[in-house]
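Visitor: Residue numbers (the working numbering): 711 to 805.
Glycine included, each C-beta is placed from N, C-alpha and C at the ideal position.
Fair warning: this is a prediction, and the values are worked out from it, not measured in the lab.
Here it is as structure tokens:
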């Protein structure tokens with residue numbers, strides 16, 4: 711059995727909303743029923759496979775977004791390969 715370490719501040723995390731959206735973001739803070747994340751990206755299907763688009767288009771891309779955990783189905787540490795793609799997509803740095 712694989713024991714997965716829980717996510718922590720600074721990790722790239724994946725969340726599924728009650729609306730069915732999957733979001734990848736960097737965890738900045740977890741406080742009570744709130745998660746503060748930066749650079750949230752939504753997963754989308756394309757002809758080339760999975761892609762990432764900004765979760766919100768009208769907010770400054772560098773703003774921290776606060777999410778209510780009551781609207782999330784789950785929160786988990788993102789798979790390493792997908793986390794690398796997220797980092798490259800949001801920073802331009804290849805890991």
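(1) Taking a contact to mean a Cβ-Cβ separation below 8 Å, would you say residue 667 touches residue 722 in this structure?
(2) Checking 8 Å against the spacing of the C-beta atoms, do residue 732 and residue 745 come in under that value?
(3) Take residue 771 as the anchor and find which of 758, 799, 716 and 724 has the nearest alpha-carbon.
(4) When you compare the CB positions of residue 748 and residue 738, do they come within less than 8 Å of one another, or not?
(5) Could you check whether residue 801 and residue 724 sit closer than 8 Å to each other, using their CB atoms as the reference points?
(6) To which residues of the same chain is residue 777 closer than 6 Å at the C-beta, ignoring the five residues directly before and after it?
(7) Which residues bound the alpha helix (DSSP H) around residue 821?
Guide: Working from what's here:
(1) Since the first residue shown for the chain is 711 and the last is 805, residue 667 is missing from the structure and cannot be characterised.
(2) On the chain shown, position 22 is the one that residue 732 refers to. On the chain shown, position 35 is the one that residue 745 refers to. No, Cβ-Cβ distance for residue 732 and residue 745 is not below 8 Å.
(3) Position 61 of the chain shown, counted from the first residue, corresponds to residue 771. Among 758, 799, 716 and 724, the Cα nearest to that of residue 771 belongs to 799.
(4) Working through the chain shown from its first residue, we reach residue 748 at position 38. Working through the chain shown from its first residue, we reach residue 738 at position 28. Result yes, Cβ atoms of residue 748 and residue 738 sit closer than 8 Å.
(5) Residue numbering aside, residue 724 sits at position 14 when the chain shown is read from its first letter. Residue numbering aside, residue 801 sits at position 91 when the chain shown is read from its first letter. The answer is no: Cβ separation not under 8 Å.
(6) Within the chain shown, residue 777 is the residue found at index 67, counting from 1. Excluding positions up to five away in sequence, the list reads 745.
(7) An answer regarding residue 821 cannot be provided, because it is not within the stretch 711 to 805 covered by the chain.
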